[in-house]
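Going letter by letter, the sequence shown gives residues 6 to 102 in our numbering. Take a look at the structure set out below.
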Amino acid sequence: DINGESLPLFFLANIRGFSGGQRDMFDQVLKFGSMIVDALVDFTQPVFVYIPPYAELRGGAWVVVDPTINEECMEMYCAKEARGGVLEPAGAAAIKF
């Protein structure tokens, strides 16, 4: 348990989102994502989320590492070449077109 050892957490984020649909529920993606959120909410050490160059943070994955779930401990940074968004490309295209 890294929190109990008083060590900071460095999270390199390159995560494609999840939709919250039936398939993600069946594959337990939502269950494990919520376990990460629960752990980050209770984390008392510094948490640094970094989106490296050419990496992406999309969809439901953004919710898992959003610094607003623990504003006292979490910070988010990204490279200029990184990308992030709440909608998957197909969803954004459907809205735009």
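Every residue gets a Cβ at the ideal spot worked out from N, C-alpha and C, and that includes glycine.
- For ILE20, the closest of PRO57, VAL52, CYS78, ASP6 by C-alpha to C-alpha distance is PRO57.
- Counting of Cβ neighbours within 10 angstroms places GLY65 among the buried residues, the total reaching 16 or more.
- For ALA44 and VAL70, the gap between their C-alpha atoms comes out near 11 Å.
- Straight-line spacing of the CA atoms in MET79 and GLN33 works out to 25 Å.
- By the 16-neighbour rule on beta-carbons within 10 angstroms, VAL52 is buried.
- A check of alpha carbon separations from TYR59 across PRO13, CYS83, ASN8 identifies CYS83 as the nearest.
- In the displayed model, GLY38 falls within a helix according to three-state DSSP.
- For LEU14, the pairing in a beta bridge is given by DSSP as VAL52.
- At a Cβ-Cβ threshold of 8 Å, ASN8 and PHE37 do not count as neighbours.
- For LEU14 against GLN50, the beta-carbon gap comes to about 6 Å, under 8 Å, which counts as contact.
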